[in-house]
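All remarks here apply to the structure that follows.
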Amino acid sequence: MVYDVIIVGGSYAGLSAGLQLARARRKVLVLDSGLRRNRFAETSHGFLGYDGRAPGDIAQDAREQLLAYPTVQWLADTALQARQTDQGFQVRTTNGQQASARRLIIASGVIDELPAIEGLQERWGKSVFHCPYCHGYELNQGAIGVLATSTLSMHHALLLPDWGQTTFFTNGVFEPDAEQLAELDRRGVTLEPQTVSHISGKRADVVLSDGRVISVAGLFAMPRTRMASPLAEQLGCIFEEGPMGPFIQTDAMQQTSIPGVFACGDAALAAGSVAVSVGDGARAGASTHRSLVFV
591 MVYDVIIVGG SYAGLSAGLQ LARARRKVLV LDSGLRRNRF AETSHGFLGY
641 DGRAPGDIAQ DAREQLLAYP TVQWLADTAL QARQTDQGFQ VRTTNGQQAS
691 ARRLIIASGV IDELPAIEGL QERWGKSVFH CPYCHGYELN QGAIGVLATS
741 TLSMHHALLL PDWGQTTFFT NGVFEPDAEQ LAELDRRGVT LEPQTVSHIS
791 GKRADVVLSD GRVISVAGLF AMPRTRMASP LAEQLGCIFE EGPMGPFIQT
841 DAMQQTSIPG VFACGDAALA AGSVAVSVGD GARAGASTHR SLVFV
């Protein structure tokens, strides 16, 4: 059987793309490894109609709605390899299964890579975050920390005072210049140049190398990201470099540099959220359908 579309990634963007195609009565296969990027967070915020719900519940509801359409199949597996064929594309999974389709949508997301600081990873999504719009309000105007991971962390440090009194831990990553210092002062940000030893406590106690401890309700850090799937690179898709890492280049219709391959969600965004990924996926799904009609 040759599907109309294979969607690699069954999180928010992939589900949204699939829904557009299912409603066009197209034969769709969704390949999903089950590792959502936001699986560490207890609640999701900023997505209209679902604010404050558990992210897993949002994804489960969406999956059930998508699978109610009879032309959609779901395979819980990881896409390992993709190649172009005379019919379109063939995808092979880690379990050795193969599937072919006329079009391919890559919605496989990214993997966050945090600085190697003890205590950071286990608090990721709980008291260590990267998106203030997703998690800032729930800190209830408590003390906030920003951990510098690059010069781009200045953006975080200048944004976050709207959610609480902010301390900027530069951690030896960079030294703000005079203009940056003036900006931080204008926003009321406290600068802490001492390097961070580790993170401890129930929330986020930032332990400095000189032994001091600064407790914050939430700590924000900009991770480095990498592709969660090798498929785009295997197919020769062009990438762009974003503030956190590379992402797949797409046009206004979400098509990549390879005809017939579309991409959406975090894999094709410089930065995103659940709401942004759902919109991105909807555009990719509709665009992919149009490409099947107007060949």
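Just add 590 to wherever you are in the sequence shown, counting from 1, and you've got my numbering.
Backbone N, C-alpha and C define an ideal beta-carbon position, used for all residues, glycine too.
Residue i: which of the options sits nearest, CA to CA?
i: L657; options: L670, R692, L621, P645; result: L621
i: R880; options: A652, Q674, A607; result: A607
i: S867; options: S847, Q711, S698; result: S698
i: C724; options: I838, V883, Q770, A644; result: A644
i: N628; options: R682, R713, S743, C827; result: R713
i: V885; options: P849, G808, G646, P783; result: P849
i: A818; options: T684, V592, A631, V700; result: V700
i: G639; options: E632, D651, V779; result: D651
i: R680; options: A865, Q687, A672; result: The residue asked about is misnamed: residue 680 is Gln in this sequence, not Arg. Measuring from the Cα of Q680, the nearest candidate turns out to be A672.
i: D667; options: R682, A733, A614, G678; result: R682
i: S743; options: Y727, Q770, I696, D856; result: Q770
i: L605; options: V803, A649, S863, I838; result: A649
i: L809; options: Q687, L609, P751; result: P751
i: G871; options: V592, Y593, G686, G599; result: G599
i: D594; options: A612, A603, Y602; result: A612
i: D775; options: Q674, L749, S634; result: L749
i: F764; options: W664, E782, S601; result: E782
i: R873; options: V592, M591, Q610; result: Q610
i: S623; options: S601, V718, A614; result: S601
i: E823; options: Q674, D641, G678, V592; result: Q674
i: G801; options: S787, Q687, G826; result: S787
i: R626; options: D641, G642, V618, A603; result: A603
i: S690; options: T846, V851, A772, A706; result: V851
i: L882; options: S863, G869, Q845, G855; result: Q845
i: I842; options: G869, G778, S717; result: Per the sequence shown, the amino acid found at residue 842 is Ala instead of Ile. The candidate whose alpha carbon is nearest that of A842 is G869.
i: V618; options: E728, S634, T741, Y659; result: Y659
i: T741; options: G826, A614, R777, G762; result: G762
i: K792; options: S717, I707, S634; result: S717
Check whether the Cβ atoms of residue i and residue j sit closer than 8 Å, and answer yes or no.
i: T756; j: M812; result: no
i: P820; j: F829; result: no
i: T815; j: E703; result: yes
i: I596; j: L670; result: no
i: P833; j: A861; result: yes
i: T840; j: A858; result: yes
i: H720; j: V736; result: no
i: L798; j: T780; result: no
i: G754; j: A768; result: no
i: A807; j: G715; result: no
i: G646; j: A865; result: no
i: I696; j: A876; result: no
i: R616; j: T661; result: yes
i: I789; j: G709; result: yes
i: Q687; j: L665; result: yes
i: Q663; j: V592; result: no
i: F759; j: V796; result: yes
Which partner residues does residue i have in the DSSP bridge list?
i: H725; result: Per DSSP, none; premise fails for H725.
i: T815; result: D702
i: E597; result: It should be pointed out that residue 597 corresponds to Ile in this sequence rather than to Glu. Per DSSP, V620, I695.
i: V763; result: Answer is none; V763 lacks a bridge partner.
i: I734; result: T756, G808
i: S690; result: V592, Q680
i: Q845; result: F852
Got a sec, what are the start and stop residues for the alpha helix (DSSP H) residue i sits in?
i: L882; result: 864-883
i: Q680; result: Where Q680 is concerned, there is no enclosing alpha helix (DSSP H), although the beta strand (DSSP E) it sits in stretches over 679-683.
i: A607; result: 602-613
i: A858; result: It is not in any alpha helix (DSSP H) - A858 carries neither H nor E in the DSSP assignment.
i: R776; result: 768-776
i: M744; result: 743-749
If you follow the beta strand (DSSP E) that residue i is part of, which residue opens it and which one closes it?
i: G709; result: From DSSP, G709 is part of no beta strand (DSSP E); its letter is neither H nor E.
i: V779; result: Looking at the DSSP string, V779 is not in any beta strand (DSSP E), and its letter there is neither H nor E.
Does the beta carbon of residue i come closer than 8 Å to any beta carbon on chain B?
i: R626; result: Here there is only one protein chain, and chain B is not present.
Is the closest heavy atom of the ligand ZN to the C-beta of residue i under 7 Å?
i: L737; result: With respect to the ligand ZN, the structure offers nothing, as it holds no ligand at all.
Item to check | Secondary structure, alpha helix (DSSP H): runs of 4+ residues fully inside the stretch 631-674 | outcome: Counting only runs of at least 4 residues, the stretch 631-674 fully encloses the following alpha helix (DSSP H) elements, listed from N- to C-terminal order: 645-657.
Checklist entry - Hey, which unbroken runs of the beta strand (DSSP E) at 3 residues or more fall wholly within the stretch 781-842? => result Counting whole runs of 3 or more residues, the stretch 781-842 contains the beta strand (DSSP E) stretches 786-790, 794-798, 803-806, 808-811, 814-817, 829-831, 836-838.
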